[in-house]
Amino acid sequence: RRRSLGPAISDTRDGVRVCLTNGSNVNKIDANTGAVLKVVSTPGAPGAPPAIAGKRMFVPLVDGRVIGAPLTEETLISWNYKSVGEIFASPVPVKDSVLWTTSQGFLYAASADGSVRYRFRGAAPLVGPPAVDEVAYLPTTTGLLYAIDPESGRQLWRASVGDDVQLPAVVAAGVAYVGSTAPALHA
Numbered sequence: 010r011r012r013s014l015g016p017a018i019s020d021t022r023d024g025v026r027v028c029l030t031n032g033s034n035v036n037k038i039d040a041n042t043g044a045v046l047k048v049v050s051t052p053g054a055p056g057a058p059p060a061i062a063g064k065r066m067f068v069p070l071v072d073g074r075v076i077g078a079p080l081t082e083e084t085l086i087s088w089n090y091k092s093v094g095e096i097f098a099s100p101v102p103v104k105d106s107v108l109w110t111t112s113q114g115f116l117y118a119a120s121a122d123g124s125v126r127y128r129f130r131g132a133a134p135l136v137g138p139p140a141v142d143e144v145a146y147l148p149t150t151t152g153l154l155y156a157i158d159p160e161s162g163r164q165l166w167r168a169s170v171g172d173d174v175q176l177p178a179v180v181a182a183g184v185a186y187v188g189s190t191a192p193a194l195h196a
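My numbering applies: residue 10 is where the sequence shown begins, and numbers increase by one.
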């Protein structure tokens, strides 16, 4: 038996795309029939479910690598980037880009073609995937909350919630919500 880390789903004008991490394989699945259309063997252990941005899937590996594979071609792995730190959270699609965080406090952004656009470093390890609307919100384990422009990587602001944070932020209607170990909910 292989451990499944969960699916990634993208609903575009080209149709629904589904990818599922199963063990060290990522399967492209027909959304209508459930049939496996393509299997990509990863060169390491996936740390979280994949993400789909544009016509490419991005798979985070525990060792800090993110691999990219086109969904529409026979090429299996066409892109590989080594991040600083380990990855335990799914990348987040933002328009035709993808964002991911590492255990060393970095946020990375890559275009759907696989080119890395920027790297932002927080003052402490970042918690989980970013919560994104027009802004990417990133809490740290030490209770800082960053607001980052997801297009440029520019820090818009930083605030302290006063206590350690262990779970990612969520965002609704432009407001980021962060739970802390206090216990408290900060907005």
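Ideal placement from N, C-alpha and C gives every residue a C-beta, glycine not left out.
None of these values were measured; they are calculated from a predicted model.
Do Val125 and Ala119 have their C-beta atoms within less than 8 angstroms of each other? Ala119 sits close to Val125, with the two beta carbons spaced by under 8 angstroms.
Spatially closest choice to Pro139 from Leu194, Thr51, Val179, Pro16, by CA coordinates: Of Leu194, Thr51, Val179, Pro16, the smallest CA-CA separation from Pro139 is found for Val179.
Exercise for the section: Check Phe129 in the structure and name its three-state DSSP category. Expected result: Assigned with DSSP and collapsed to three states, Phe129 falls in strand.
**Prompt:** From Arg163, Arg167, Ala182, Gly137, pick the residue whose C-alpha is nearest to that of Gln175; which is it?
**Reply:** In terms of CA proximity to Gln175, Gly137 leads the group Arg163, Arg167, Ala182, Gly137.
Checklist entry - In this structure, does DSSP put Ile18 in helix, strand or coil? => result Residue state, collapsed to three classes: strand.
With the cut-off set at 8 angstroms, would you say Ala193 and Asp173 are in Cβ contact? Cβ distance not < 8 angstroms, so Ala193 and Asp173 don't count as in contact.
Handout entry: CB of Thr30 within 8 angstroms of CB of Pro59, strictly
Key = The answer is yes: Cβ separation under 8 angstroms.
**Prompt:** Within this structure, are the beta carbons of Ile86 and Val49 separated by less than 8 angstroms?
**Reply:** Yes; because the gap between Cβ atoms is below 8 angstroms, this pair is in contact.
Next on the checklist: Please identify the residue among Tyr186, Ala168, Ser189, Ala121 whose C-alpha is closest to the C-alpha of Glu160.
Outcome noted: Per the Cα distances, Ala121.
Segments assigned beta strand (DSSP E), at least 3 residues, entirely inside the region 127-177:
Counting whole runs of 3 or more residues, the region 127-177 contains the beta strand (DSSP E) stretches 145-148, 153-157, 164-169.
Nearest by alpha-carbon distance to Val184: which of Gly15, Gly152, Tyr146 is it?
Nearest in C-alpha terms to Val184, of all of Gly15, Gly152, Tyr146, is Tyr146.
Return the residue from the list Arg65, Phe67, Val144 that minimises the CA-CA distance to Ala182. Looking from the CA of Ala182, the closest CA among Arg65, Phe67, Val144 belongs to Val144.
message = Starting from Gly77, trace the beta strand (DSSP E) in both directions and tell me its first and last residue.
response = Gly77: member of the beta strand (DSSP E) spanning 74-79, first to last residue.
- Query: Span of the beta strand (DSSP E) holding Gly24?
  - Reply: Taken as a continuous stretch (DSSP letters only), the beta strand (DSSP E) holding Gly24 covers 24-31.
For this session: Please report the residue range of the beta strand (DSSP E) in which Val180 lies.
Result: From DSSP, the beta strand (DSSP E) with Val180 extends over 179-181.
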